[in-house]
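Only one structure is covered here, and it is reproduced in the block below.
Protein chains: 4
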Amino acid sequence: MIKAGIIGATGYAGGELVRILTGHKDVEIKWYGSRSYIDKKYAEVYQNMFQIVDDKCMDDNMEALADQVDVIFTATPQGLCASLVNEEILSKVKIVDLSADFRIKDVATYEEWYKIQHPTPQFIPEAVYGLCEINREAVKKARLVANPGCYPTCSTLSIYPLLKEGLIDPGTIIIDAKSGTSGAGRGAKVDNLYCEVNENIKAYGVANHRHTPEIEEQLSYAAGEPVLINFTPHLVPMNRGILITAYASLKKEVSYEEVKAAYDKYYANEKFVRVLEKDVCPQTKWVEGSNYVDVNFKIDPRTKRVIMMGAMDNLVKGAAGQAVQNMNLMFGLKESEGLELVPMFP
Amino acid sequence: MIKAGIIGATGYAGGELVRILTGHKDVEIKWYGSRSYIDKKYAEVYQNMFQIVDDKCMDDNMEALADQVDVIFTATPQGLCASLVNEEILSKVKIVDLSADFRIKDVATYEEWYKIQHPTPQFIPEAVYGLCEINREAVKKARLVANPGCYPTCSTLSIYPLLKEGLIDPGTIIIDAKSGTSGAGRGAKVDNLYCEVNENIKAYGVANHRHTPEIEEQLSYAAGEPVLINFTPHLVPMNRGILITAYASLKKEVSYEEVKAAYDKYYANEKFVRVLEKDVCPQTKWVEGSNYVDVNFKIDPRTKRVIMMGAMDNLVKGAAGQAVQNMNLMFGLKESEGLELVPMFP
Amino acid sequence: MIKAGIIGATGYAGGELVRILTGHKDVEIKWYGSRSYIDKKYAEVYQNMFQIVDDKCMDDNMEALADQVDVIFTATPQGLCASLVNEEILSKVKIVDLSADFRIKDVATYEEWYKIQHPTPQFIPEAVYGLCEINREAVKKARLVANPGCYPTCSTLSIYPLLKEGLIDPGTIIIDAKSGTSGAGRGAKVDNLYCEVNENIKAYGVANHRHTPEIEEQLSYAAGEPVLINFTPHLVPMNRGILITAYASLKKEVSYEEVKAAYDKYYANEKFVRVLEKDVCPQTKWVEGSNYVDVNFKIDPRTKRVIMMGAMDNLVKGAAGQAVQNMNLMFGLKESEGLELVPMFP
Amino acid sequence: MIKAGIIGATGYAGGELVRILTGHKDVEIKWYGSRSYIDKKYAEVYQNMFQIVDDKCMDDNMEALADQVDVIFTATPQGLCASLVNEEILSKVKIVDLSADFRIKDVATYEEWYKIQHPTPQFIPEAVYGLCEINREAVKKARLVANPGCYPTCSTLSIYPLLKEGLIDPGTIIIDAKSGTSGAGRGAKVDNLYCEVNENIKAYGVANHRHTPEIEEQLSYAAGEPVLINFTPHLVPMNRGILITAYASLKKEVSYEEVKAAYDKYYANEKFVRVLEKDVCPQTKWVEGSNYVDVNFKIDPRTKRVIMMGAMDNLVKGAAGQAVQNMNLMFGLKESEGLELVPMFP
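Chains as they are written, first to last, in this note's numbering: chain D, 1 to 346; chain S, 1 to 346; chain H, 1 to 346; chain Y, 1 to 346.
This is the structure we're talking about:
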């Protein structure tokens, strides 16, 4: 039985980790860290867990935690994990960090976009970017996994095959993303009140959202050259789900079958990436509550562009589910253990 | 491995049966019945099941089905199951009927409220009303289980202990119910369009909803005398969830502890009924996707009434989940097998 | 041109006052009071008012305001209006108070339910309860109008005729209310976040909501005797709208026509109360954005009860619209001036 | 008093026409055409109009109508208006056609995208494309106005100034659009049921939506050369509102002020187009129920692109509001008459 600790267990991603790990047959949660709710029963913060979780919330003490558990999940704002981690801790436990601290290899880029100084850049090189479908082998050997951001996961998986296969022009990529509101977290802000979000849609972070350099870095690896993109997220009146609609110019005339083959080359054997059938557009509701990413594409012969689409649950494949997928790989378990979640519809 | 067939697999309750049975380790679905979609791939009707279910939809042939499976679930409108069932079929398979056909013992009452003639009243006496927490032992021995309606499940479980213990006056019960829209089914009607339901709430079926006699019958058993109630359902702009708020006059002055003890007497050992802590009101979101019913109550000393509240997922404990719970009992499996679904929040 | 000042102009009710008064041909808003946003442009707080309102927010200075305007609307939490008002101010301006401070005639009841001491009980006797349809003549002569609460407006108007005509037993009234989320205000609280309210319904304030004594007082006037009720509000995932479903025992056997006549007696000439046609249940969406209250009823001969229903927009007839209706009466304008708002559907 | 007739009065756009014209002081509706509901009271189809509209629905008889009214609005599917119109009718009444029949000048393009034969192409040349802000003078003289589509209105107004001023490369325009569900109409289809749309987002009509050639034609006029675009609409779980996010490459390095000046050049005196302040992103909720289009932009110096955004209410500026704006121009009324609708928030 793997003993797990969660730092930041009362945010939405933390709550989803608890939901998933509770159903994981090889894991036992030993530490529900939540600085805001210390000593409060976890099930009083999330009443859905009444009679399922009996523990109380505890402080974010990574040192103490490292002695008691085998794996630590940090579902906290950027800066926290990086400020707590050290060599001694890493020698004792594996860490899956759901924050952005170790996702970006170039520390200057991180500091520029996140406006904070990185306290422990020495661990960046060894951190593995935990996009399992791309970096599976490296994840298996990692002590420290940087769990990808929600938008980067959906964007990268939707675009990766065409870029890798050289079918699209890297300089023309535009990603228009739409996210449910749980992505904004559980902080009490007027902008996230029901009446402000409901019956409303808006773009935000236009041309400066922090997930931009993370996506660019991953796409650059695929392209084999530096990639700059436009990335525009939108807030949608729904709890869960991310849909990305990406545009790029085709490098040459291609058929449906050629593009489909590119996706199949990378995903035919991937359980959690479903390449939909021709002309079926991904919908976020079809993956809700599950670890799936549904992707598909459409060629526009008029404009010689391809439209790439991807849908996933931002709290599962976009956060907690992928974190558990990484944990499974790190501990040599079956990759889908605890993640055989059937999407809930409606 | 139990072989299961579903008649009406493409309605919302049928879809939920597929979701739950897909995750049930002892069951294999052999027949996806759907007259409307014969020969269409099931996963084209419910794209969430893409790469999970490969079968095609089949006709509603109960005779053929009886030879191939161990249990049949009928998730169809009233009248269909009753018109298909016969002694030969019942001698071959067990049936869990999610329609109202076998829920009401008095056939005249059924025919009056449902405005149809019952084609096979001879099977009504043996049918067991599948409210597992109340009729567990009878369910275990049944060939034919009448799976309770969504409102009756939530209403009966919320009120039962106080009526059984003689704490409330049976003549004063009023049930004000609120349901998500999946309860209205997947038929294409203007009234159920997004724009008609969203940002709106209304009562419907006032003083004549068909679940009224079903609730009255169950409460009458608890009271030991005939019970008449007022029952008013409302349509709420959400997909899933039923909340009932019930009112009754207390027969005598009682303390919080006495009423709590009444609930605990019946539910302390029930996995799927959670009696919440003092002053915590049930919320439908806390049970979404799970088989739980959350109940609680509040005494109003000013009016000498008690307010009883219950929340559940109408498609799970109110339909497919309870059907699987019944199947587990009928086949001697662990009652919660396949139903250890952690509620999803948010 | 009537000069108006608003204290609390940046809450949802205050915002609705601005929306309505902006379209009122006899009124000019001179003061947008908002302690939280002093010196900020009003249209930056509510961007819908961009290029419509150019003013900045100002402090809540009632003394200064009294010298500059003809009428003050206080759309603030309880206690504020009562603490600011004095004889000098009342000699200069008329006040429509949207808070609860002057609604309840018995100061002890107010203090018990609101848990605060009333600072100026001497003004309670002269304050007129501004339910226009009931107290029209008194409102016309008032200096100080207590604008009714949202739930009390909808509840009282739905039940009043039957109680006044002696058709129902005052001791049996139960009001089950459902409200959109704007009723909870614009304060940043976790409970009102999008993800907490969406796809969810719950009761709150069970047996102790502060609108209870206000409703009881008004119903007592109608009944001619003290009335105790059960009142249970619920939070519904929608922005606007209140629906109440009320239950009472009939004193004698009555026909549909008799009950209809009772409603028509009081409302046939009322522009803003619409008694719907037989068997049509009120829906909140049908009154959204307007000052209408839609009411109807259903007799249940089985239980000898009547179910009374009412629907309105909580921010219009339940707050700002009724406040303007009161202002119109106080200044001798046409009662519906500025309120000829056609409900928006969908 | 202008007498108006509506063909297709019971669709959502038709209903919105009724709402707006009911509040228009110079117009009287004489004909509520609705083939589906002939002889049914209009207020029974749209209960929000109870006691506001007393008329019954009538047939779609344009000949009869032409003798009785001054202006006909056709809010019907494509093909209907074109099949009914003739010279005699146009000699008697003015027509505002809300369908696509007369929007596209090249009949072959119309027939290719709409898959129907145009029955009266002889009237296409005289029809004026009723985008008031662009074609105001022509509209004033028109007998037949083609009211623009919802997506084309929002797209064109958001992009027009930059294209007209030569700031962006016409070959690089990508429009990613998001619409509320009322745009899909009131037809009873499974895809538009509450449970299918709620908690979900999807793209549809990818690379082949019918509004594409309409947008391209308008943008071509602005660019002075043929323009091909990518246009991807998405269905958002909300009733009303369209948001477009458009991308284009800048032809040269420009400052915020230069781009702002381009927008101001065309819109500074336009009542219904609001160019928001720097860094404020349009939100659909800020224009709900009103005739406004809110536009803004953001320059991305990294990619040398500009992101253009526009938000409006699809049923008002995107349909009925713009139709009334056109009617006002055609009859020499104040352009904003009946359209001084303050956006409703929340």
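For each residue, glycine too, the CB sits at the ideal point set by N, CA and C.
Could you have a look at His234/D and say whether DSSP puts it in helix, strand or coil?
-> strand
Of the residues Lys30/Y, Glu196/Y and Ile307/Y, the one placed nearest Thr172/Y, counting alpha carbons only | Ranking Lys30/Y, Glu196/Y and Ile307/Y by Cα distance to Thr172/Y puts Ile307/Y first.
Short-range partners of chain S found in the segment 311–333 of chain H, where Cβ spacing is below 7 angstroms = none
Starting from the beta carbon of Leu219/H, find every residue of chain S whose beta carbon is closer than 8 angstroms, and list them in chain order.
-> Within chain S, no residue comes near Leu219/H; the closest Cβ sits about 13 angstroms away, beyond 8 angstroms.
Would Met238/Y count as contacting chain D if we go by Cβ distances under 7 angstroms?
-> yes
Alpha carbon to alpha carbon, how far is Glu199/Y from Phe345/S? Give it in angstroms, no decimals.
-> 13 angstroms
Just the Cα atoms here: how many angstroms apart are Arg302/D and Lys252/D?
-> 13 angstroms
Answer with buried or exposed for Pro226/S, where buried requires no fewer than 16 other C-beta atoms within 10 angstroms of its C-beta.
-> Exposed is the call here.
Chain Y contact for Ser182/S (CB, 7 angstroms cutoff) | yes
Contacting positions in the segment 185–196 of chain H - beta carbon closer than 7 angstroms to chain D = Arg186, Ala188, Lys189, Val190, Asn192, Leu193, Tyr194 and Cys195
For Asp70/D, which of helix, strand or coil comes out of DSSP?
-> coil
So, does the CB of Thr22/D fall closer than 7 angstroms to a CB anywhere in chain S?
-> yes
Using 7 angstroms as the limit for Cβ to Cβ distance, is Val275/S near chain D?
-> no
Do the segment 71–81 of chain S and the segment 100–116 of chain S make contact, defined as three or more Cβ pairs closer than 8 angstroms?
-> yes
Determine the burial state of Tyr256/Y: buried for a count of at least 16 other Cβ atoms within 10 Å of its Cβ, exposed for fewer.
-> exposed
Leaving out the 5 sequence neighbours to the left and right, which residues in its chain are closer than 7 angstroms to Asp26/H when beta-carbon positions are compared?
-> Met1, Ile2, Leu333 and Glu337
Could you spell out the range, first to last residue, of the beta strand (DSSP E) harbouring Gly33/D?
-> Val27 to Gly33
Closest residue to Ala116/S among Glu126/S, Val107/S and Glu44/S (Cα-Cα distance) = The displayed chain sequence assigns Ile, not Ala, to residue 116/S. If you compare the alpha carbons of Glu126/S, Val107/S and Glu44/S with that of Ile116/S, the shortest gap goes to Val107/S.
So what's Val355/D in DSSP terms, helix, strand or just coil?
-> Residue 355/D cannot be examined here, being either before or after the span of chain D that is shown, 1 to 346.
So, is the C-beta of Val295/Y closer than 7 angstroms to a C-beta in chain D?
-> no
Express the C-alpha separation of Val71/S and Pro161/D in angstroms, rounding to a whole number.
-> 45 angstroms
Spatial neighbours of Thr284/D in its chain, beta-carbon cut-off 6 angstroms, leaving aside the 5 residues before and after = Gly241, Leu243 and Ala311
Counted within 10 angstroms of its Cβ, other Cβ atoms place Gln322/H as buried (16 or more) or exposed | buried
Return the first residue and the last residue of the alpha helix (DSSP H) that Leu21/H is part of.
-> Tyr12 to Thr22
Proximity below 7 angstroms, CB of Met188/D to CB of Val190/H | In the sequence under discussion, the amino acid at residue 188/D is Ala, which differs from the Met named in the question. In this structure, Val190/H lies closer than 7 angstroms to Ala188/D by Cβ.
In chain order, what residues of the same chain lie with their CB nearer than 7 angstroms to the CB of Asn296/H, ignoring the 5 residues before and after it?
-> Taken in chain order, the residues that qualify are Val275, Leu276, Val280, Cys281, Pro282 and Met309.
Is the Cβ of Lys285/Y closer than 7 angstroms to any Cβ of chain D?
-> yes
Same chain, Cβ closer than 6 angstroms to Tyr37/Y, neighbours up to 5 away in sequence not counted | Thr10, Val45 and Cys57
DSSP beta-bridge partners for Arg274/S?
-> Asp294/S
Just the Cα atoms here: how many angstroms apart are Asp60/S and Val85/S?
-> In a straight line, the C-alpha of Asp60/S is about 12 angstroms away from that of Val85/S.
CB-CB under 7 angstroms to Ala222/S, same chain, minus the five flanking residues each way: which ones, in chain order?
-> Excluding residues within five positions, the ones whose Cβ falls inside 7 angstroms are Tyr160, Leu163 and Lys164.
Quick one, which of Asn48/H, Lys317/H and Gln47/H has its alpha-carbon nearest Lys147/H's?
-> The sequence given here places Asn at residue 147/H; Lys does not occur at that position. The shortest Cα separation from Asn147/H among Asn48/H, Lys317/H and Gln47/H belongs to Lys317/H.
Residues of chain S with a CB under 8 angstroms from the CB of Tyr12/Y: which are they?
-> Cys195
What residues in the segment 32–52 of chain H bring their beta carbon closer than 8 angstroms to a beta carbon of chain D?
-> none
Own chain, CB closer than 7 angstroms to Trp31/Y, minus 5 neighbours either side, in chain order | Gly5, Ile6, Met58, Leu65, Gln68 and Val69
So, Ser348/D versus Pro343/D, is the Cβ gap smaller than 7 angstroms?
-> No answer is possible for residue 348/D: the residues shown for chain D start at 1 and end at 346.
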